[in-house]
Amino acid sequence: MNFTSNKINPAVWGTYIVLLMLPELLMLNTKTWWDAPVAIVFNILFYGVFAWLLCGLASLTGRRTERALHVALQAVMAAYSLSNVFMLVMFNRHWDAYSWQFLCETNRRESSEFVSSYVLSLPTLVILAVYVALFVAEVMVGRRVKGWRLFPKRRLWAVAAGFTGVVMIGQTVFFGPDVQANYDRVAKYRSPIKRNAMWNIWQSALTYAGFRDEFARCARSLQAYKEKVWCSEREADFVMIVGESFNRHMSNLYDGKYNTNPRLKALSKQGSLFLFNDVVASDNGTTQNFKQFLSPVAVGDGRSWCDAPLFPFLLRRCGYNVVFYSNQYAGMEMDKEFNASMGFFNAPGIGPYLFDHHNTCTYKYDMQLVDAYRANRHDIEAPKRNFIIFHLYGQHAAYGERHPADFAKFGVRSVKSKLRLSDEQRGVVADYLNATLYNDYVVDSIIRMFSDRNAVVLYFSDHGEEVYDFRLQQGRTDLKTDVPRALHSQLDIPFMIYVSPRYAATHPQQVERIKRSLDRPFMTDNLSQVIFDLLGVRTSYYRPARSVINDAYRPQKQRILQVGRVYD
0 MNFTSNKINP AVWGTYIVLL MLPELLMLNT KTWWDAPVAI VFNILFYGVF AWLLCGLASL
60 TGRRTERALH VALQAVMAAY SLSNVFMLVM FNRHWDAYSW QFLCETNRRE SSEFVSSYVL
120 SLPTLVILAV YVALFVAEVM VGRRVKGWRL FPKRRLWAVA AGFTGVVMIG QTVFFGPDVQ
180 ANYDRVAKYR SPIKRNAMWN IWQSALTYAG FRDEFARCAR SLQAYKEKVW CSEREADFVM
240 IVGESFNRHM SNLYDGKYNT NPRLKALSKQ GSLFLFNDVV ASDNGTTQNF KQFLSPVAVG
300 DGRSWCDAPL FPFLLRRCGY NVVFYSNQYA GMEMDKEFNA SMGFFNAPGI GPYLFDHHNT
360 CTYKYDMQLV DAYRANRHDI EAPKRNFIIF HLYGQHAAYG ERHPADFAKF GVRSVKSKLR
420 LSDEQRGVVA DYLNATLYND YVVDSIIRMF SDRNAVVLYF SDHGEEVYDF RLQQGRTDLK
480 TDVPRALHSQ LDIPFMIYVS PRYAATHPQQ VERIKRSLDR PFMTDNLSQV IFDLLGVRTS
540 YYRPARSVIN DAYRPQKQRI LQVGRVYD
């Protein structure tokens with residue numbers, strides 16, 4: 000058979016292009032007038048050549064095999080395209096290393112909640128209907144059109160097609176094995192491939208593989224650490240509560256208009272709880288933030304988080320009893336093979352170095368985690384110098400699943416907004432407010448559990464959350480490309496320190512330093528410096544100028560996020 004005389008079905012060829020172009024159209028950069036047209040033309044040509052290669056190779060087989068191949072290939076592409084469009088429409092995100100990481104962080108409970116909240120929603124069904132219509136059109140048109148020759152007969156068309164094919168196939172040189180080398184090569188030759196989703200997925204896959212290398216480096220930094228660590232604090236307990244998805248602008252502790260935090264507000268008025276007014280997270284993902292704030296290496300240091308020993312390890316070297324109680328990552332979730340998600344705690348050479356104790360199961364509500372700790376605290380805690388980390392579920396979506404029914408104070412009619420929200424959207428906001436109200440109760444309960452001890456309690460959220468704040472958007476988005484205002488919803492977090500009466504009486508200078516620091520700008524990538532400062536940890540990694548409570552603190556001129564974008 001003469002390969003050049005083979006024919007392809009234009010409907011099948013066109014369907015491949017449409018499947019791959021649908022996500023591209025939703026990812027267009029409109030900052031400059033020319034960027035979108037360049038991206039559209041380039042990607043149509045790129046996917047046109049790609050589809051031509053697939054159709055050409057399939058045409059070498061028998062008719063039945065060819066059909067089966069197209070069904071299988073289009074099923075794979077439809078899964079990719081549909082999932083990408085779904086994420087772009089619902090969350091303004093697309094497939095990349097961090098989306099894959101979020102997927103890895105999702106446990107069984109979150110999966111079922113996700114299906115009920117999003118997958119079965121009206122927008123999702125509309126998207127699905129579009130894809131069904133596309134395949135129906137492919138079948139109907141494919142039966143009526145004549146096949147196209149794989150290689151045009153006319154010289155002009157043949158030259159044009161050949162030139163396009165060579166140029167597009169030449170773009171494969173940018174799909175190298177090194178992430179940074181690929182970026183540098185694209186910048187040098189000014190290739191439009193950077194506007195292509197497939198290239199970005201390739202780069203993300205390389206980035207994801209790099210995460211595993213980071214875990215190996217982290218393990219080496221722990222195992223190789225020989226420095227003697229000294230700590231001046233000889234008695235006080237330190238409790239660190241890590242919340243989840245708390246947008247401080249939705250709380251009356253800050254500028255929120257709803258009474259979501261009556262208990263913590265009362266503690267603040269009593270003078271034992273100090274609220275910091277300008278603290279942001281360095282990313283909007285749980286794992287990325289955990290890795291960064293556990294490390295004494297900050298975002299702009301020119302080194303990775305994994306190139307220094309994590310601070311729980313240093314505290315153990317000081318003699319502290321370090322406890323980790325998480326309502327997200329324990330039991331079966333912690334027993335997963337370690338990956339890019341919070342499973343890095345379970346990576347060989349990391350987890351055993353960080354904690355003296357950690358829980359083995361999770362609970363439906365955060366207060367159940369606190370009660371479990373209270374029931375076992377005599378077996379867990381040392382007489383003094385405990386460092387206890389509570390990792391809550393907080394306000395993680397789906398918000399209605401985060402609180403018991405008796406905390407459903409806010410309803411659809413409670414939600415006031417300048418946006419034209421549907422009752423369903425108002426219900427989402429109400430659920431978030433109720434989850435925040437319950438979180439207030441949980442955090443207050445933890446504080447009271449340590450109020451009669453010599454203790455300091457630090458509460459902050461891993462990141463924020465957008466809940467129809469200023470636009471019709473809920474969840475977290477791509478920080479690299481989203482509008483500046485979205486950063487405030489997704490990164491502005493509560494950050495507060497409680498001091499017990501005994502701690503205040505024995506550490507008056509520390510309390511005064513905290514009071515003087517409440518309005519200073521801060522980012523949680525330097526959290527370890529605050530902890531070192533409060534506990535008097537002396538290590539080569541301690542930087543007083545990075546501790547927000549230190550009088551030597553020097554605020555960053557610009558807070559640089561993990562994605563490389565400037566926050567301020």
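Throughout the sequence shown, residue numbering follows numbering that gives the first Met the number 0, covering 0 to 567 in sequence.
Cβ coordinates follow ideal geometry from the N, Cα and C atoms, glycine included.
Can you give me the start and stop residues for the alpha helix (DSSP H) that M495 sits inside?
No alpha helix (DSSP H) holds M495; the beta strand (DSSP E) holding it covers 494–498.
Given 8 angstroms as the limit, is there contact between the segment 40–55 and the segment 186–198, that is, 3 or more CB pairs closer than that?
yes
Among the candidates G535, Y431, F312, whose CA atom is the shortest distance from the CA of R219?
F312
With which residues is K6 paired in a DSSP beta bridge?
R148
Does A544 pass the burial test, meaning 16 or more other C-beta atoms within 10 Å, or should it be called exposed?
exposed
Closest to R419 by CA distance: which of F469, A374, K514 is it?
F469
How should I168 be labelled, buried or exposed, when 16 other C-beta atoms within 10 angstroms of its C-beta is the threshold for buried?
exposed
In whole angstroms, give me the CA-to-CA distance for M239 and V70.
53 angstroms
Can you give the Cα-Cα distance for Q73 and S416, rounded to whole angstroms?
43 angstroms
Endpoints, the alpha helix (DSSP H) within which V547 is located
Looking at the DSSP string, V547 is not in any alpha helix (DSSP H), and its letter there is neither H nor E.
Counting beta carbon pairs with one atom in the segment 354–361 and one in the segment 317–331, are three or more of them shorter than 8 angstroms?
yes
Given the structure, does R63 come close to the ligand FAD, in the sense that its CB is under 6 angstroms from one of the ligand's heavy atoms?
With respect to small molecules bound, the structure shown includes none, and the ligand FAD cannot be examined in it.
Sequence-distant residues of the same chain with beta carbon closer than 7 angstroms to G350, five excluded per side
F344
May I ask you to report which of helix, strand or coil DSSP gives N433?
helix
Unbroken beta strand (DSSP E) run spanning M239, endpoints:
236–242
Have a look at R184 and A204 and give me their C-alpha separation to the nearest angstrom.
18 angstroms
Would you give the residue range spanned by the alpha helix (DSSP H) that N584 belongs to?
Residue 584 cannot be examined here, being either before or after the span of the chain that is shown, 0 to 567.
State the DSSP-derived secondary structure class of R558, mapped to helix, strand or coil.
coil
Could you check the C-alpha separation between D34 and Q291 for me, to the nearest Å?
34 angstroms
Under the three-state reduction of DSSP, which class applies to N385: helix, strand or coil?
strand
Contact check, N283 vs D439, beta carbons under 7 angstroms:
no
Quick check: what's the CA-CA separation for Y352 versus S98?
29 angstroms
Which term fits H395, buried or exposed, when burial requires 16 or more other beta carbons within 10 angstroms of its beta carbon?
buried
May I ask which residues mark the beginning and end of the alpha helix (DSSP H) holding S325?
Premise fails: S325 lies in the beta strand (DSSP E), 320–325, not in any alpha helix (DSSP H).
Apply the 10 Å Cβ neighbour rule to D254 and answer buried if 16 or more other Cβ atoms are within range, or exposed otherwise.
exposed
Would you grab the beta carbon distance between L266 and L252 for me? Rounded to a whole angstrom, and I think it's under 8 angstroms.
That pair is no contact at about 10 angstroms.
Using the Cα positions of D378 and I446, report the straight-line distance between them to the nearest angstrom.
20 angstroms
Per DSSP, what kind of secondary structure is V118 in: helix, strand or coil?
helix
Thinking D518 and N276 are a contact (beta carbons under 8 angstroms), I'd like their distance in whole angstroms, please.
5 angstroms
With DSSP as the reference, label V172 as helix, strand or coil.
helix
Using C-beta distances below 8 angstroms, list every residue in its chain close to Y566, excluding the 5 sequence neighbours before and after it, in chain order.
V279, L486, L490, M522, Q557, R558, I559, L560
DSSP state of Q291 mapped onto helix, strand, coil:
helix
What is the C-beta distance between L496 and F310, in whole angstroms, given that I count them as a contact (C-beta under 8 angstroms)?
The amino acid occupying residue 496 in the given sequence is Ile; Leu does not appear at that position. Incorrect: roughly 17 angstroms between the Cβ atoms, too far for contact.
So for F459, helix, strand or coil by DSSP?
strand
For K383, which residues from the same chain have a beta carbon less than 6 angstroms from its beta carbon, with the 5 sequence-adjacent residues on both sides left out?
E234
Is the beta carbon of V228 less than 7 angstroms from the beta carbon of R302?
no
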